[in-house]
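These notes are about the structure you will find just below.
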């Protein structure tokens, strides 16, 4: 909103947040000298104050309204993409006979294939695409063949394909399935595929990029050349996707973060470690203040806890047994081993255990903006979306069995209130239930799962059930938010935990003076401040709602006579 204040004989413009009109007028007047105040004739707002404070600031990413199908909604598209990966591998080996093939699946929006070969360039992509077009134009049939394990082994040895040999050894099924393209090329594959290469519209296929990828994701193994491509059913879908992709590129938080001077990753400090610049820090400060205020209003106590702890703590929590590969190495300090924390949960449990609790104390809600550190491969780091140090908006609720539903309902209400404030009103919700291997008895699992389900039903939200997809220590709700481009981002999580209360032996005294174990609920609304900030940048294309803007007001002088006042305002 731009508020224009008419001052005879000049005009001053001031960008204001969506605050009450009279408050805005008084705030602007505070910038003016007594003499200037007497000359102020009127106050007008552009646009009017009744305007939606959170309009969609972004152009339609799909102006032609072409509906883009997904792999889930179109079996034909999935087959096309899978076959394109094989056609690309065939083309690469025809052009580069020394290239060794590895794996090539379909993915969201397309496909990829990894090759062990010399580094490729964009010029190579054009050659590969041209060869793919030839293969598609020949209308070669795709044929499925079943062979014995020994026969598959013999054929792979004959082709000198070491990666395929390793893949074969990992396949448990027998016989082995092979797919042929004509009689010139084949691959280990379970399918599905189109009937022939002629079923692919070559004008709806494009090779997009080249990236490096370690074999099996292991940095100790060879670096492979990964070629990404996209494939669609027709040219209109491809054009709509490319428009979408261009819009996503325009919104890329890594570029906007630099252009708007919001944050950076400094090579001298290390990958995945975020530096918040002054403007970015202002936005973070606004988010944190809002987060703290609304949590206190909802009955949470705020905490601050250390970033390191004795290694023994992570042994008790189970992190050293199940999460060690994501943790940084231990540090020896005065003959004690310490480690950076990958999660905040054990700290909150230690604070719970500092005193005896009665059943009358529940529910107990604690929340912390806690910074954690997790090891990520350098190749997986991605701006603010995948980092090594980040701040979680972490909270834990300790409650009685009969309080689970009400507490989950309260978390859902709080989650909705927070997400709506940031302009997110479309969600994808999943409820994950008990897996085969789990801690806790059947009764408590059933009670907790029913509580989550009933809370979602009462909320009126549509959700999917991921049967058996819960963690071994409890059922959970995952919430993905939808941004301006229709992309979904994992954001909020609500997780019931039967494991840590048992590991740390936390108890309370019930009405019969007997010791019982409370229920523990983990929850995060934003996920992490870094990732959520990245999503905000891309959702709004850097044009934040005014209440989040790092520059809330600016005086624009019209002549030199107003320059001194403008300078005083900027420096005040």
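Numbering (the UniProt record's numbering), first residue to last: 1 to 572.
Virtual Cβ for every residue (Gly too), placed ideally from N, Cα, C.
- DSSP places residue 151 inside the alpha helix (DSSP H), whose first and last residues are 149-159.
- Contact between the region 206-218 and the region 174-185 is absent, with fewer than three C-beta pairs closer than 8 Å.
- DSSP places residue 359 within a helical segment (H, G or I) once states are collapsed to three.
- Counting along the chain, the unbroken alpha helix (DSSP H) around residue 82 starts and ends at 75-95.
- Within the region 445-473, the beta strand (DSSP E) runs of at least 3 residues that lie entirely inside it are, in chain order, 463-466.
- Per the coordinates, the alpha-carbon of residue 192 lies some 26 Å from the alpha-carbon of residue 96.
- Residue 415 is positioned such that its CB atom lies no closer than 7 Å to that of residue 496.
- Rounded to whole angstroms, residue 280 and residue 372 show a C-alpha spacing of 20 Å.
- Here the region 451-463 lies against the region 424-439, with 3 or more beta-carbon pairs under 8 Å apart.
- Here residue 174 is near residue 149, since their CB atoms are less than 7 Å apart.
- Within the same chain, no residue comes within 8 Å of residue 158 by CB-CB distance, once the 5 residues on both sides are set aside.
- At the C-beta level, residue 387 and residue 527 stay beyond 7 Å of one another.
- Excluding five sequence positions before and after residue 437, the CB atoms of its chain that fall closer than 8 Å to its own CB belong to 472, given in chain order.
- For residue 262, the closest alpha carbon among the candidates 123, 489 and 285 is that of 285.
- Here the C-alpha atom of residue 238 lies approximately 15 Å from the C-alpha atom of residue 248.
- Residue burial annotation: residue 108 is exposed, with fewer than 16 other C-beta atoms found within 10 angstroms of its C-beta.
- Taking C-beta atoms as the reference points, residue 106 and residue 144 fail to come closer than 7 Å.
- Counting every other CB atom within 10 Å of its CB across the protein chains shown gives residue 257 a total of 16 or more, marking it as buried.
- Each of 422, 123, 78 and 537 was checked against the Cα of residue 227, and the nearest Cα belongs to 123.
- Sequence-distant Cβ neighbours of residue 186 in its own chain, meaning closer than 6 Å and more than five residues away, are 178 and 180.
- For residue 479, same chain residues with a beta-carbon under 7 Å away, outside a window of 5 residues either side, are 415, 427, 429, 491 and 492 in chain order.
- Residue state for residue 68 is assigned as coil, using DSSP reduced to three classes.
- Taking a contact to require three or more Cβ pairs closer than 8 Å, the region 353-370 and the region 395-407 qualify as touching.
- Taking 8 Å as the upper bound for CB-CB distance, residue 310 and residue 334 are not in contact here, some 11 Å apart.
- Taking all protein chains in view, the Cβ of residue 160 is surrounded by fewer than 16 other Cβ atoms within 10 Å, so the residue is classified as exposed.
- Using a Cβ distance threshold of 7 Å, residue 246 and residue 230 do not count as a contacting pair.
- With contacts defined as CB atoms closer than 7 Å, residue 455 and residue 502 fail to qualify as a contacting pair.
- When DSSP assignments are scanned along the region 231-266, the uninterrupted stretches of alpha helix (DSSP H) that are 4 or more residues long and fall wholly within it turn out to be 235-251 and 253-259.
- Between the alpha carbons of residue 402 and residue 324 lies a distance of about 35 Å.
- Going by DSSP, residue 371 is part of the beta strand (DSSP E) stretching over 364-373.
- Contact annotation: residue 308 and residue 350 have beta-carbon atoms that are not nearer than 7 Å.
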